[in-house]
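Enquirer:
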């Protein structure tokens, strides 16, 4: 009987195990992955609001200096 190297024997279970683990992680995070576009829209909306707040603060500072 021919001796098969240990690395050859372990290669396939390790590869398939990695694929299964990645699939499990993707399945657990599927809501996040599917809602990624919504999250990006929320971030953009927050940025716009923050930008408007900065403009208002600057405007108030200018008004205070005028008074």
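In full-length UniProt numbering, the protein residues as written are 1 to 67.
All residues carry an ideal CB built from backbone N, CA and C; glycine is no exception.
Note that the structure is a prediction, hence the values are computed from the model and not measured.
1) How many angstroms separate the CA atom of residue 37 from the CA atom of residue 43?
2) Could you give the residue range of the alpha helix (DSSP H) that holds residue 13?
3) Using DSSP with H/G/I as helix, E/B as strand and the rest coil, what is residue 64?
Expert: For this structure:
1) Taking the Cα positions, residue 37 is about 10 Å away from residue 43.
2) Where residue 13 is concerned, the enclosing alpha helix (DSSP H) stretches over 6 to 28.
3) helix
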